[in-house]
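K.L.:
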Amino acid sequence: MTRSVDILAERLEGRVPKLAIVLGSGLGGLVDELENAVRVPYSQLPEFPESGVTGHSGDVVAGNLGGRQVIILSGRIHYYEQGHPAAMRPILETLTGLGVTSLILTNSAGSLRKTIPPGSVMLITDHINFSGTNPLFGEPSDARFVGLTEAYDRSMSAALTKAAKAERIALKGGVYMWFSGPSFETPAEIRMARTMGADAVGMSTVPEVILARFFGMRVAACSVITNFAAGMTGAELSHGETKEMAPMGGAKLARILKRAIGDLA
Ligand code: HPA
Numbered sequence: 216m217t218r219s220v221d222i223l224a225e226r227l228e229g230r231v232p233k234l235a236i237v238l239g240s241g242l243g244g245l246v247d248e249l250e251n252a253v254r255v256p257y258s259q260l261p262e263f264p265e266s267g268v269t270g271h272s273g274d275v276v277a278g279n280l281g282g283r284q285v286i287i288l289s290g291r292i293h294y295y296e297q298g299h300p301a302a303m304r305p306i307l308e309t310l311t312g313l314g315v316t317s318l319i320l321t322n323s324a325g326s327l328r329k330t331i332p333p334g335s336v337m338l339i340t341d342h343i344n345f346s347g348t349n350p351l352f353g354e355p356s357d358a359r360f361v362g363l364t365e366a367y368d369r370s371m372s373a374a375l376t377k378a379a380k381a382e383r384i385a386l387k388g389g390v391y392m393w394f395s396g397p398s399f400e401t402p403a404e405i406r407m408a409r410t411m412g413a414d415a416v417g418m419s420t421v422p423e424v425i426l427a428r429f430f431g432m433r434v435a436a437c438s439v440i441t442n443f444a445a446g447m448t449g450a451e452l453s454h455g456e457t458k459e460m461a462p463m464g465g466a467k468l469a470r471i472l473k474r475a476i477g478d479l480a
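Numbering-wise, the sequence shown is residues 216 to 480 according to the numbering used here.
Structural data, given as structure tokens:
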């Protein structure tokens with residue numbers, strides 16, 4: 216057990232969440248819906264990495280959502296911050312040590328499909344890692360040969376689809392392609408991504424999915440679409456737009472997650 220596991224176990228005061236949710240940029244609103252919540256800053260957890268971007272890397276927030284205990288990770292560490300594809304490994308390892316067995320990853324993404332416009336939510340059904348890197352580089356055990364044929368858990372994905380229907384929110388499935396960032400893609404890269412079968416592009420999630428499968432967790436993931444990808448509209452992309460647009464789709468995603476929680480945790 217690491218010290219972070221011990222510290223969190225103590226701070227959680229008997230809560231035993233089996234489900235964790237990682238919130239992407241601009242999607243922090245779900246934290247406010249937790250009842251009887253306890254918040255622990257990453258800076259108090261020794262194994263958690265520091266994020267150099269803002270000096271405030273994030274919080275672990277545990278509480279009750281729709282009658283179930285969950286852990287929300289508000290703030291992720293991206294590959295583009297330090298060039299470490301395994302930056303999230305200590306965080307996911309800590310969750311595993313705490314007894315978390317299911318993980319929902321959320322992100323903001325650019326859409327390659329006119330039918331999945333900004334403001335909508337996409338269920339990630341598969342991914343493309345064309346980055347040339349992998350969070351399991353350097354892992355010595357044979358466990359590094361993680362099978363990803365069913366990386367995205369069918370029953371968790373079905374629960375999210377059912378919840379979206381009940382909330383009357385469109386939730387199309389699609390393939391998420393990981394680009395390293397932090398610069399956005401070029402129009403030519405987006406044409407390549409489309410040819411390869413991508414429906415959305417983004418700068419996170421894929422390394423976390425690989426790590427979570429390595430640790431034996433069940434995984435589901437959703438993208439909040441904040442923009443059409445580079446070259447699709449002629450407009451330049453910006454992080455400001457991502458942050459500005461994320462709350463619209465984020466509110467839909469929060470409703471889906473809240474509705475699905477009984478089937479997920
Ligand atoms: N590309 C990569 N990451 C993103 C995008 C995008 O268009 N939008 C939000 N995150």
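The C-beta atom is built at its ideal place from N, Cα and C for all residues, glycine as well.
In this text the structure is predicted, and so the values were computed from the model without any measurement.
For the beta strand (DSSP E) that L452 lies in, which residues bound it at each end?
P.N.:
First-last for L452: undefined, no H or E at that position.
K.L.:
Using the Cβ count rule (16 or more neighbours within 10 Å means buried), how would you classify Q284?
P.N.:
Burial call: buried.
K.L.:
Taking the runs of the beta strand (DSSP E) that are 3 residues or longer, which of them lie wholly in the segment 245-300?
P.N.:
With a minimum length of 3 residues, the continuous beta strand (DSSP E) runs that stay inside the segment 245-300 are 250-256, 274-280 and 283-289.
K.L.:
In whole angstroms, what separates the C-alpha of I343 from that of M418?
P.N.:
Their backbone Cα atoms lie some 12 angstroms apart in a straight line.
K.L.:
My assumption, with CB atoms under 8 angstroms, is that T340 sits in contact with V390. Please give the rounded CB distance.
P.N.:
With a Cβ gap of about 7 angstroms, T340 and V390 count as contacting.
K.L.:
Going by alpha carbons, who is nearest to S301 out of K377, E262 and L234?
P.N.:
For the sequence presented, residue 301 should be read as Ala rather than Ser. Selected option, being the one with the closest Cα: E262.
K.L.:
Can you tell me where the beta strand (DSSP E) with R433 in it begins and where it stops?
P.N.:
Unbroken beta strand (DSSP E) run through R433: R433 to F443.
K.L.:
In whole angstroms, what is the alpha-carbon distance linking T309 and V275?
P.N.:
When rounded, the distance between both Cα atoms is 11 angstroms.
K.L.:
Mind listing which residues have their beta carbon within less than 6 angstroms of any non-hydrogen atom of the ligand HPA? Chain order is fine.
P.N.:
Working through the chain, the matches are S323, A324, G325, F394, F399, E400, V416, G417, M418, T441, N442, A444, L452 and T457.
K.L.:
Give the list of continuous beta strand (DSSP E) stretches no shorter than 3 residues that lie fully inside the segment 292-358.
P.N.:
Complete beta strand (DSSP E) runs here, min 3: 317-326 and 336-344.
K.L.:
Based on Cα-Cα distance, which residue from E225, L468 and G446 lies nearest to K329?
P.N.:
Measuring from the Cα of K329, the nearest candidate turns out to be G446.
K.L.:
Between the C-alpha atoms of G244 and G465, what's the straight-line distance to the nearest angstrom?
P.N.:
Near 8 angstroms, if we compare the C-alpha coordinates of G465 and G244.
K.L.:
State the start and end residues of the unbroken beta strand (DSSP E) segment that holds L386.
P.N.:
From DSSP, the beta strand (DSSP E) with L386 extends over L386 to W393.
K.L.:
Between which residues of its own chain and E423 is the CB-CB distance below 6 angstroms, once the five residues before and five after are set aside?
P.N.:
Once the five neighbours on either side are set aside, the close Cβ partners of E423 are M303 and L320.
K.L.:
Would you please state the rounded distance, in angstroms, between the beta carbons of D368 and R433? I believe it to be under 8 angstroms.
P.N.:
That belief holds up - the Cβ atoms of D368 and R433 are roughly 4 angstroms apart, short of 8 angstroms.
K.L.:
In or out: N251 buried (at least 16 other Cβ within 10 Å) or exposed?
P.N.:
So N251 ends up on the exposed side.
K.L.:
Taking DSSP as the reference, what is the three-state secondary structure of A480?
P.N.:
Reduced to three states, the DSSP call for A480 is coil.
K.L.:
Considering only residues of the same chain and omitting the five flanking positions on each side of M392, which have a CB-CB separation below 6 angstroms?
P.N.:
I343, A408, A413 and V416, listed in sequence order.
K.L.:
Using the three-state DSSP reduction, which class does L375 fall into: helix, strand or coil?
P.N.:
Three-state result, L375: helix.
K.L.:
What does DSSP give as the partner residue(s) for V416 in the beta ladder?
P.N.:
Partner(s): G325 and M392.
K.L.:
Which residues in the same chain as I384 place their Cβ atom closer than 8 angstroms to its Cβ, once the five residues preceding and following it in sequence are excluded?
P.N.:
Contacts found: V336, K467, R470 and I471.
K.L.:
DSSP three-state label for V231, please.
P.N.:
Three-state result, V231: coil.
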